[in-house]
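Numbering (numbering that gives the first Met the number 0) for the first sequence: 0 to 920.
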Amino acid sequence: MQASFDVRLLDSTYEVVQKETPQGNDREDVIVKLYGKTRENKSVTILCPDFKPYFHVFEPTGELRKTLESHEDVLSVSDVKLEYKGSVEEFLEVKVRAPWLVPRFRSDHELQHKTIYLENPPAELLEQLRAEQDVSDVIPGHEVKVSTIDRVYSQKLIHKYGLFKYMDAKEQEKFRSKGTFFAADIVFTNRFIYDMDMETCISVKGEVIETKSQYTTDIVLKASEFGKCDIFTPGLKIMSFDIESSIKYGNIYCICLTVLDEATGAIEERMISSVFGPRTEDMSPGEKDDRDEDERRMLREFIEEVRKLDPDIITGYNINNFDLAMLYDRSNLLLGNNNNNNGEKQKKPAGEFMTIGRDSLGLTRRENRTTGFVNWDLKGRIVLDAWLSVKKELRPKREGLGYVSAMLFNDTKDNINSTKMDEEWVNRRDEVVKYCLKDADLALRILTHPRINTVNKLMDVAIPSKLPVKEVSGGQNRMIESLLIRMVDREKIAVPMSTGETYDYEGGFVYETKPGLWEWVIGLDFSSMYPSQIIKHNICFTTVTKNKDEAEHVSPMNAFFLPHEKRHGIVPRMVEGLLTSRKQAKAMMKQAKADGDSDKAEYYNRLQNAIKVLSNATYGYFGTKFCRWPFNKYIAPSITAWAREEIRMVVSTLESRGYTVIAGDTDSVFFTSKDHRNVEDCKLLGFRIQQEFSEGNMHLELEKIMERFFAHAKKRYFGKIIWPEETLLIRGYEPRRTDSFDLQSETMTKVFQIVLEGKPDDAVNYSKDTIENTLKGRIDLSSLVISKSVNDFDSYDNPDSLVHVNVAKRLQEMGYEFTPGMKTPFIITNASVQPIKAEPIIEGVPFTARPDYKYYAERLAMALSRITEAFGCDERTLMQGNSQRTLEFFCEEKPVIKAEPAAGKEQSKKIKQTATLDMFM
DNA sequence: CGAATACGGGG
DNA sequence: GTGTACGTATTCG
Numbered sequence: 000m001q002a003s004f005d006v007r008l009l010d011s012t013y014e015v016v017q018k019e020t021p022q023g024n025d026r027e028d029v030i031v032k033l034y035g036k037t038r039e040n041k042s043v044t045i046l047c048p049d050f051k052p053y054f055h056v057f058e059p060t061g062e063l064r065k066t067l068e069s070h071e072d073v074l075s076v077s078d079v080k081l082e083y084k085g086s087v088e089e090f091l092e093v094k095v096r097a098p099w100l101v102p103r104f105r106s107d108h109e110l111q112h113k114t115i116y117l118e119n120p121p122a123e124l125l126e127q128l129r130a131e132q133d134v135s136d137v138i139p140g141h142e143v144k145v146s147t148i149d150r151v152y153s154q155k156l157i158h159k160y161g162l163f164k165y166m167d168a169k170e171q172e173k174f175r176s177k178g179t180f181f182a183a184d185i186v187f188t189n190r191f192i193y194d195m196d197m198e199t200c201i202s203v204k205g206e207v208i209e210t211k212s213q214y215t216t217d218i219v220l221k222a223s224e225f226g227k228c229d230i231f232t233p234g235l236k237i238m239s240f241d242i243e244s245s246i247k248y249g250n251i252y253c254i255c256l257t258v259l260d261e262a263t264g265a266i267e268e269r270m271i272s273s274v275f276g277p278r279t280e281d282m283s284p285g286e287k288d289d290r291d292e293d294e295r296r297m298l299r300e301f302i303e304e305v306r307k308l309d310p311d312i313i314t315g316y317n318i319n320n321f322d323l324a325m326l327y328d329r330s331n332l333l334l335g336n337n338n339n340n341n342g343e344k345q346k347k348p349a350g351e352f353m354t355i356g357r358d359s360l361g362l363t364r365r366e367n368r369t370t371g372f373v374n375w376d377l378k379g380r381i382v383l384d385a386w387l388s389v390k391k392e393l394r395p396k397r398e399g400l401g402y403v404s405a406m407l408f409n410d411t412k413d414n415i416n417s418t419k420m421d422e423e424w425v426n427r428r429d430e431v432v433k434y435c436l437k438d439a440d441l442a443l444r445i446l447t448h449p450r451i452n453t454v455n456k457l458m459d460v461a462i463p464s465k466l467p468v469k470e471v472s473g474g475q476n477r478m479i480e481s482l483l484i485r486m487v488d489r490e491k492i493a494v495p496m497s498t499g500e501t502y503d504y505e506g507g508f509v510y511e512t513k514p515g516l517w518e519w520v521i522g523l524d525f526s527s528m529y530p531s532q533i534i535k536h537n538i539c540f541t542t543v544t545k546n547k548d549e550a551e552h553v554s555p556m557n558a559f560f561l562p563h564e565k566r567h568g569i570v571p572r573m574v575e576g577l578l579t580s581r582k583q584a585k586a587m588m589k590q591a592k593a594d595g596d597s598d599k600a601e602y603y604n605r606l607q608n609a610i611k612v613l614s615n616a617t618y619g620y621f622g623t624k625f626c627r628w629p630f631n632k633y634i635a636p637s638i639t640a641w642a643r644e645e646i647r648m649v650v651s652t653l654e655s656r657g658y659t660v661i662a663g664d665t666d667s668v669f670f671t672s673k674d675h676r677n678v679e680d681c682k683l684l685g686f687r688i689q690q691e692f693s694e695g696n697m698h699l700e701l702e703k704i705m706e707r708f709f710a711h712a713k714k715r716y717f718g719k720i721i722w723p724e725e726t727l728l729i730r731g732y733e734p735r736r737t738d739s740f741d742l743q744s745e746t747m748t749k750v751f752q753i754v755l756e757g758k759p760d761d762a763v764n765y766s767k768d769t770i771e772n773t774l775k776g777r778i779d780l781s782s783l784v785i786s787k788s789v790n791d792f793d794s795y796d797n798p799d800s801l802v803h804v805n806v807a808k809r810l811q812e813m814g815y816e817f818t819p820g821m822k823t824p825f826i827i828t829n830a831s832v833q834p835i836k837a838e839p840i841i842e843g844v845p846f847t848a849r850p851d852y853k854y855y856a857e858r859l860a861m862a863l864s865r866i867t868e869a870f871g872c873d874e875r876t877l878m879q880g881n882s883q884r885t886l887e888f889f890c891e892e893k894p895v896i897k898a899e900p901a902a903g904k905e906q907s908k909k910i911k912q913t914a915t916l917d918m919f920m
């Protein structure tokens, strides 16, 4: 049956299938598969045959051309002309049978060298080589060493001057059947999406396949035609799940899941639990088998439910590190046919049995080699860990499910002691299952909470980046490349591969902060500083020139860019497109607001934000080693250099007019004026300066006015904003450490408050008092507790040097049970020795040891001094209290309070500030 | 001081 | 998957 759908793309993959040829023999073939959701909220699998992988090779030698032409895996070769570094060059387009063959061709034929060694070349040739623009060095000698700036130019030189005859056999080997590969690292399905010019929403026509075979989606469609369609945002099915298990025995007790269908608001819940109690050490083989069989049943039930419910998103709390690993390990162990004849475990592709992907394939695990970070993938579904979303969006001080739930919706986990799950499972089985479901529910509510809203945000950025939603959940690279590669392809420009080279360059300008407490501070910033610089100076890999004469833009780091009229760069055009569509989105938002359509307004607000993310990421992309474009080492540094020039100009103009600039970073400046001491005056001044410095596509904007502003160092400040809205601003102080003790964060918060009330003297006193109380032990023990989790002892390189590991060892010696990964609370008792000594906190046992109050006081002083230093009170002074030495110390210091005196009625403040000094003396 | 290492979170 | 992206505080050297 023929049908047509509008589809929002969620994921893409490919499959190798057997295809019958007219000759009757089977041949491997590739089909692209797209997964998505239709406008009617139906899940769909789209099968797209007839697309083949291809790549380009620069000016291949005769040998390489012959090898490729006659290779059994090569479907076709054709000559194409593509632009590379400003010139049109000859390339060979090579179409191959399957994506996984491309890396194989690369390893067999990719040229690795850009230095050529020549034996006895004539002197005349050497002169010619030296004169070549792209030769960076010619070192004469027995063997002449010719270095070029990239492999393409090595190839060009060899061809142009017939250099093979001056190369020995070994040297020839490096170049003979090798070539420089282009576009051979573009993920196959992305290549498909770019070439078909698909966006995140497509319209597709094709034949509905009635027997769904392995697919779990509502619809399976064999595509015959693709078209454009308007953007829409279907309701997704979001599943959250949680597993309770035994650490000791490794088995699963229960799996609970909850599924929200955004389209209808309906929620479905499932609880799958074991009929057995905990395992024991002395179980008989028969008992063990029964329990294994029971767990097998649970896993199978889980798989069946997921396939039936067919969610688009799978979430849970810390599922990347725990629950998914649990499913993976247990299904490998229990569902694999590991009970074969000789009892040996059969090696199977891992995750294969957890068949919950939309194509019935299993769970795949990817571990980052350097970070150890684990990523899970299910075809057609998007795996999102609510924990990671929370970290990214909220940066809460503690990241536990209970803490975050309390913070977001004042709800909390059920009362189950998860560290004693075996015990809880014996005594309160029903409650554990409820607790498990509750956790799944909390994770779902967190992921969809307005302040987190991960699913919507991903759906949104997918729009301007024109990609399936799963693609944008990875990194920003892919989003930028999605836009760039399409433009570049259309204009017949070659797509080089990243060389992975890194280079250091200077970043944004950071003004040396004037520490102190200030009043009536005006904050301005350039909107979209980096994108604006790209546009202003036509910065692009297509506009770089070595010829200063034809350049219109000369960056402060001496890179030259062509005038916009001569060649309008691809990157500036891309960024302009983004800024324009952001303006449109903002206008739509305004319109929707005016119409009273708050949902629509909210949508356009998120969309404009997504576009902002994308346009800002453009600069970042050119600064990474993954950036594939030539001249990238001129692009990012030129952007930042021009930006530094721009903001410096503002700073120096303001200073030349007698205003005091207090802080500034990359695109922002904070300053204060003696003659503007109220909101209205500050607004007038701010707007005047905004107008003065906004020119062309650069827009300096009055962002905020602060009644009080405290700055202590670069990137560390807080303030009380009173315009355009009254809010608190805190930067760089976020006390986000879970291993800090309560007293520290509580005191810090209190000190912020006092400072912003305009009472720095009180803040210093409060700090001193708290430190003194701590030193003298007049402090609640519970506010000193530090809690850290302790892993397997032998997982540490140097376990004895770590306090928390030693505490866990002591717990074990004292006869308490210790489970690796367990959170261990303790109080430091002696920090003057190495390793630091601490005593564990044990529930129900009174803490009798004496805390190392000096240690705690010092840590407090260290944290608080970052603020009090601005008032002339450093860490040492804080520790010394009001002693005579304090006084001496202060006498040598320059004036401490830097608040600008307020005019007229505010005079009393000045007196108070003097009083602060008096107090110290 | 910059580089290396560990944590967080889950049961 | 035609790859290679945690962010941050503390300790180490």
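For glycine and all other residues, C-beta sits at the position ideal for the given N, C-alpha and C. Computed from a predicted model, the values in this text were never measured in an experiment.
CB-CB length for residue i against residue j, believed under 8 Å
i: Ala862; j: Ile770; result: Ala862 to Ile770, Cβ: 10 Å. No contact.
i: Asp438; j: Lys419; result: With 8 Å as the limit, Asp438 and Lys419 do not qualify as a contact, their Cβ atoms being about 16 Å apart.
i: Tyr83; j: Asp488; result: With a Cβ gap of about 14 Å, Tyr83 and Asp488 do not count as contacting.
i: Phe90; j: His55; result: 4 Å
i: Ile492; j: Leu81; result: 6 Å
i: Gln689; j: Leu578; result: Contact flag wrong, Cβ pair sits at about 18 Å.
i: Glu142; j: Leu110; result: With a Cβ gap of about 20 Å, Glu142 and Leu110 do not count as contacting.
i: Leu810; j: Thr823; result: 7 Å
Secondary structure of residue i, DSSP reduced to three states
i: Gln17; result: strand
i: Cys228; result: coil
i: Pro824; result: strand
i: Thr210; result: coil
i: Ile462; result: helix
i: Lys787; result: strand
i: Leu699; result: strand
i: Ile866; result: helix
i: Leu886; result: Interpretation of Leu886 is limited by its pLDDT of 32, a score under 50 that renders its predicted location unreliable; no figure is taken from the coordinates.
i: Asn677; result: coil
i: Met922; result: The first residue shown for the chain is 0 and the last is 920, placing residue 922 beyond what the model contains.
i: Pro636; result: helix
i: Arg707; result: strand
i: Glu575; result: helix
i: Ala914; result: Confidence at Ala914 is low in this model, with a pLDDT of 23, below 50, so its placement is unreliable and no value can be given for it.
i: Met270; result: strand
i: Phe919; result: Residue placement at Phe919 is flagged as unreliable, the pLDDT there being 21, under the threshold of 50; a coordinate-derived value is accordingly withheld.
i: Val186; result: coil
i: Val685; result: It should be pointed out that residue 685 corresponds to Gly in this sequence rather than to Val. If DSSP states are grouped into helix, strand and coil, Gly685 belongs with the helices.
i: Asn341; result: The pLDDT assigned to Asn341 is 49, lower than 50, so where the model puts this residue is not dependable; a value taken from the coordinates is nonetheless given after this. It is coil, neither helix nor strand.
i: Ala848; result: coil
For residue i, the residue or residues it bridges with in DSSP
i: Val87; result: Glu82
Check your understanding: How do the stretch 634-648 and the stretch 527-539 stand: do at least 3 beta-carbon pairs fall below 8 Å, yes or no?
Key -> yes
Point to revise | Unbroken stretches of the beta strand (DSSP E), 3 residues or longer, contained in the stretch 483-570 | key: 515-525
**Study point:** Segments of 3+ residues assigned as beta strand (DSSP E) that fall wholly inside the stretch 373-458
**Key:** 373-376, 381-384
**Study point:** 3-residue-minimum beta strand (DSSP E) runs that sit fully inside the stretch 280-308, ordered along the chain
**Key:** Given a length threshold of 3 residues, the stretch 280-308 has no whole run of the beta strand (DSSP E) inside it.
Review point. Would you call the stretch 625-634 and the stretch 600-610 in contact, with 3 or more CB pairs under 8 Å?
Key: no
Exercise for review: Return the chain-ordered ranges of every alpha helix (DSSP H) run that is complete within the stretch 585-655 and spans a minimum of 4 residues.
Suggested key: Secondary structure in the stretch 585-655: the alpha helix (DSSP H) runs of 4 residues or longer, each lying completely within the stretch, are 597-622, 631-655 in chain order.
Review point. Would you call the stretch 748-765 and the stretch 787-799 touching, i.e. three or more CB-CB distances under 8 Å?
Key: no
Practice item. Would you list, in sequence order, the uninterrupted alpha helix (DSSP H) runs of no fewer than 4 residues that lie entirely inside the stretch 63-148? Key: DSSP assignment within the stretch 63-148 yields the following whole alpha helix (DSSP H) runs of 4 residues or more, N-terminal first: 101-108, 122-130.
Check your understanding: Does the stretch 559-575 come close enough to the stretch 655-674 to have 3 or more Cβ pairs within less than 8 Å?
Key -> no
Review point. Do three or more CB pairs link the stretch 514-521 to the stretch 669-686 at distances below 8 Å?
Key: yes
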